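Q:
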Amino acid sequence: MTRYIRHAAAFCALLLIALLVNATRIQLVQARSYDENPANRRHTIARYGQPRGDILVGGKPVTGSKDSGEQFRYERTYRNGPLYAPVTGFSSQVYGTNLLEGAEDDILAGTDPLLSPLPLWNDLTRARNPGGHVVTTLDPAAQEAAFAGLGDRRGAVAALEPSTGRILALVSTPSYNPEELSGTDSAVARAWTRLNQAANKPMLNRAVRQTYPPGSTFKVVTAAAALDAGVVEDLDEPTKSPAPYRLPGSSVRLTNEVEGCADASLRYAFTWSCNTVFAKLGVDVGVVRMRAGAAGFGFNERQLRIPFRVSPSTFDTRVDQAQLALSSIGQYNTRATPLQMAMVAGAVANNGSVRTPHLVERTTTDDGDTVSATGQRTLRQAMNPATAVQLRELMTDVVERGTGKNAAIPGATVGGKSGTAQHGIHNSGTPYAWFISWAKADDAMEPAVAVAVVVEDAEADRGDISGGGDAAPIARDVMEAVLTP
Amino acid sequence: MLSPGTTAQADPPTPVVPLPRRRGIEFTLIVLAVLLSVYGYCDVGIARTGSVPPGAVGYGAGLGVLALLAHLAVRLRAPYADPLLLPIGVLLNGLGLVLIYRLDLETPDDPAAPTQLVWSTLGMGLFIAVMVLLRDHRVLQRYTYVSVVSALVLLVLPIFFPSVNGARIWVRVAGFSIQPGEFAKVLLAVFFAGYLAANRNALAYTGRRVWRLQLPTGRVLGPILAIWLLSVGVLVLERDLGTSLLFFGLFVILLYVATGRTGWIAVGLLLAVCGAVAVGWLEPHVHSRVEDWLHPFASIEAGLGPNQLAQSLFSFAAGGMLGTGLGLGHSILIGFAAKSDFILATAGEELGLAGLSAIFLLYGLLVERGYRAGLALRDPFGRLLAVGLASIVALQVFVIAGGVTGLIPLTGMAMPFLAQGGSSVVTNWIIVALLMRLSDSARDRSGTATAEGIEGVRGGATP
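Which chain is which? The protein sequence lines are A and B, in order.
Okay, so the first sequence: first residue is 1 according to my numbering, each after it adds one.
Okay, so the second sequence: first residue is 486 according to my numbering, each after it adds one.
1) Please work out which residues of its chain come closer than 8 angstroms, Cβ to Cβ, to P596/B, disregarding the five sequence neighbours upstream and downstream, and give them in chain order.
2) Using the Cα positions of V705/B and A678/B, report the straight-line distance between them to the nearest angstrom.
3) Between T276/A and L339/A, what straight-line distance do the alpha-carbon atoms span, to the nearest angstrom?
4) Per the contact definition of three or more C-beta pairs closer than 8 angstroms, is the region 56-67 of chain A in contact with the region 156-171 of chain A?
5) Looking only at C-alpha atoms, which of P593/B, A858/B, L851/B sits nearest to A879/B?
6) Opposite T809/B in the DSSP bridges: which residues?
7) Exposed or buried, what is A191/A when buried is set at 16 or more other beta-carbons lying within 10 Å of its beta-carbon?
8) By the 7 angstroms beta-carbon criterion, what residues does the region 800-811 of chain B contribute toward chain A?
9) How is the alpha helix (DSSP H) around L160/A delimited, first residue to last?
10) Would you please state the rounded distance, in angstroms, between the beta carbons of V523/B and I531/B? I believe it to be under 8 angstroms.
11) Please state whether the Cβ-Cβ distance between V258/A and S273/A is less than 8 angstroms.
12) Is there at least one Cβ from chain B nearer than 8 angstroms to R47/A's Cβ?
13) Which residue comes first and which comes last in the alpha helix (DSSP H) that contains R657/B?
14) Going by CA-CA distance only, name the one from P473/A, T430/A, V285/A that's closest to E456/A.
15) Taking DSSP as the reference, what is the three-state secondary structure of Y95/A?
16) Could you have a look at A456/A and say whether DSSP puts it in helix, strand or coil?
17) Tell me which residues share the same chain as Q50/A and place their Cβ nearer than 7 angstroms to its Cβ, disregarding the 5 neighbours each side in the sequence.
18) How many angstroms separate the CA atom of Q210/A from the CA atom of L789/B?
19) Reducing DSSP to helix, strand and coil, say where G859/B ends up.
20) At the level of alpha carbons, what is the spacing between A421/A and S92/A?
21) Can you tell me which of F645/B, G867/B, M921/B, L521/B puts its alpha carbon nearest to the alpha carbon of V615/B?
22) Which residues in the same chain as S250/A place their Cβ atom closer than 6 angstroms to its Cβ, once the five residues preceding and following it in sequence are excluded?
23) With DSSP collapsed to three states, give me the class of I329/A.
24) So does the region 7-23 of chain A actually touch the region 722-742 of chain B, counting three or more Cβ pairs closer than 8 angstroms?
25) Helix, strand or coil for F209/A, going by three-state DSSP, please let me know.
26) With three or more C-beta pairs closer than 8 angstroms as the rule, is the region 894-910 of chain B touching the region 825-838 of chain B?
27) Less than 8 angstroms between CB atoms is the rule here; does N200/A satisfy it with respect to chain B?
28) How is the alpha helix (DSSP H) around A743/B delimited, first residue to last?
29) What does Y741/B touch in chain A if you count any residue whose Cβ is under 8 angstroms from its own?
30) So, is I916/B buried or exposed, given that buried needs 16 or more other C-beta atoms within 10 angstroms?
31) Could you name the residues of the same chain whose beta carbon sits closer than 7 angstroms to that of F11/A, not counting the 5 residues immediately before and after it, in chain order?
32) List the residues that DSSP assigns as beta-bridge partners of P238/A.
33) From the DSSP output, which residues share a beta bridge with A439/A?
34) Check A336/A in the structure and name its three-state DSSP category.
35) So, L730/B versus V884/B, is the Cβ gap smaller than 8 angstroms?
36) Roughly how many whole angstroms lie between the Cα atoms of L954/B and E768/B?
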């Protein structure tokens, strides 16, 4: 019997070996694929197992964390949620993250290896670092001014510091409170459905994710291209342009909203926004140089991140002469985000060069030690510095005596350009009111702020919509908030 | 040992030499087992709340006192018993309590550790009782038929009680749930061992020869086959598939060990395949278990979220080599069976492959010591009983551990000592007690259990 007992023992040993081999298979060999299975909730549990780091505006957190005591323990809270929603985005147990919450998630959630005291330390201890903080470049006063200025209207504001690219304000209205999406209960799902189905799209970040026809504000780009190309050499020389202007290769006759545009000088045309002059200028500059000029400001750039993605602004280059004429006055397929148009104003203010805009000043550990800082980023020359000087003169004229009087600030030099963009089939939509501008305090060396405002108000009477009337006062409030210490 | 000339009957007589008792080693190991369990208990508390749990002293003292009482009983009544069996039981039981206590923290409304502690006390009490009352294992052979009747009664009993979670294996008495099938394991092992010891020669050498297979006569094979079919049939009715698989394996192993006929294994496997196919075909419950085994992530792909098995695999994977540490895993995601059938997932996640392998090796050692007692014993009943009891542990571990790790289809069964479940803990303590008694007889060369005295008792002539 001994022999058979040994056989049976060997069989039991085989069973043991099978268990050990199989345990090795699932715990080591296939562990990674099990870990990464999207249905495995461990990552999510770990992620919400500690308070998230904060997003700071003006040195104060605009976010917070509260302990829900549930499986996904810490829920995100927001101070002034709707005001900062276009910057913070949301952090939801159910729907994930977006905007800064998404782009800086590794830092905020504490998973970024840079947060650990020593390389590989966390791999060894399996510990998690406390969430780091994200310090934004925002100016709370400018942000509040923009938000209050837009009020109940639909629109967006982007403001930046021209010499550095630091974004000072990023507002989109109507907004929403991202706190509604924190947590896991059924109210979160209801809020998500409601916000996504709302006709006025409160979760759309209009400042960076929506492109609009820039209308007359694009004339800054056309003017820069024309001056750089030498098509116009003297701001006060007649431009030999007819009014109305028959678009080349078509029978469409372009007209103006104002008088005196026939053969007007660039200064007059810019100050009073003559469509005919700029349409002809664009054609005279030609598609190649217009494209290069627009690209210098950042149009057709598809990779811009601040650090979250910005929708590309477009200047269509496959156009005939008539389309080029319309493109040059910010119509046809020309589209821009408010941030892009703030970059245009900023280029003029910053001697013709554009700093890559950014929203994060630096990231820190929980203790406040800097993890990474945004240095001076790439500089792109949008126009000759001499051209920038001429354009500053033109833009200042707009505010001093043209369509932008509403943007004037006592004690500061302000340059601006208004726009009223047609859109919709046969331009049937309520036009968008645009205003882009920059401001320099009289005692300062450099313009401190460039801003773009767009107001899309479907409710308003079409005739009442104008860049100078609706958008310029908002731009002024934002610039004033920046200039006032 | 497997040299050609060796046969089953050719075990050489062992000279009567006093063997070391090794009770000091047992004592040391028990102290280590208790300290290790208390350490785990404190570890859970520190990981979860940052402080030593308030019950640590009481828990340690309770487990320690029980273990020492058991040790004393062994010292007095089974001084030659294997010194490893009791410490392994204490360590596994202690670890089980730690794991259950740890899972209780996730389900504050449904604590299981206090009840488990009561059952463990009862189990170790029965261990002591067996040590004290059962002086010679051969007494059990007298109860071969009483055992089988009791086993069948216990197996049938749950049919008259409502089913729990799809299985009709529970009897509820005065607030306590008992799983009579667990106790039936031991009784059936006693029956198999007793019957086969008495009839093994008839089974091996009589009857017709069909091709290369020597069939025993129906008179000898009939009763045992009937008993076995009956128990498996009842278990299938009760949907206790793990236990039916266990009885099946136990039967085949003991039949093989008793007769040495490889043919029995072939027949057993054939029957197993037929049975499995039939049950898988007829039983939707089993069918779905097989489907889950083949495609553990099907429910995820169907958008229904991970099922228990998938959650269990996630748990093991999360543990990796060294585990997350006690108290820091998320095996509670498995759901309602986390403390019972799936307790190993918590061990795998929080102790890692290292800890899990250690636990497997503990079971392996337990089984090995059981087999060793079987080898050293001289009476066929004792040998078969030792092999049977050790095999019960081995098969239980394999069936449930293989199930929760996706090696074989999942069948509900309790992990010996580790899992929540009173009947299981009590039964396994009885199994360890019997193995202790058997190993004591095996190693005690002083008098009572000599080779000559036993072989002839029931098995007829010993060749």
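Where a beta carbon is used, it is the ideal one built from N, C-alpha and C, also for glycine.
Bear in mind that the values here come from a model prediction, so they are computed numbers and not experimental data.
A: Let me spell this out:
1) Excluding positions up to five away in sequence, the list reads D589.
2) 14 angstroms
3) Taking the straight line from one Cα to the other gives about 27 angstroms.
4) no
5) L851/B
6) Answer by DSSP bridge pairing: none, since T809/B is not bridged.
7) buried
8) F801, A802, A803, G804, G805, M806, T809
9) Segment 154-160 is the beta strand (DSSP E) holding L160/A; no alpha helix (DSSP H) there.
10) 12 angstroms between Cβ atoms; not a contact.
11) yes
12) no
13) Taken as a continuous stretch (DSSP letters only), R657/B belongs to no alpha helix (DSSP H), being part of the beta strand (DSSP E) at 656-658.
14) T430/A
15) coil
16) In the sequence as displayed, the identity of residue 456/A is Glu instead of Ala. E456/A falls in the strand class under three-state DSSP.
17) Cβ within range, chain order: Y74, G110, R128, P130, G131.
18) 36 angstroms
19) helix
20) 37 angstroms
21) M921/B
22) A322
23) coil
24) yes
25) Correcting the residue type first, residue 209/A is Arg in the shown sequence and not Phe. Residue state, collapsed to three classes: coil.
26) In short, these stretches touch, since the Cβ pair count reaches three.
27) no
28) 726-744
29) Y4, H7, A8
30) buried
31) none
32) Paired residue(s): S265/A.
33) V414/A, V449/A
34) strand
35) Annotated as proximal: L730/B and V884/B, with beta-carbon spacing under 8 angstroms.
36) Not covered by the structure: residue 954/B. The range shown for chain B is 486 to 948.
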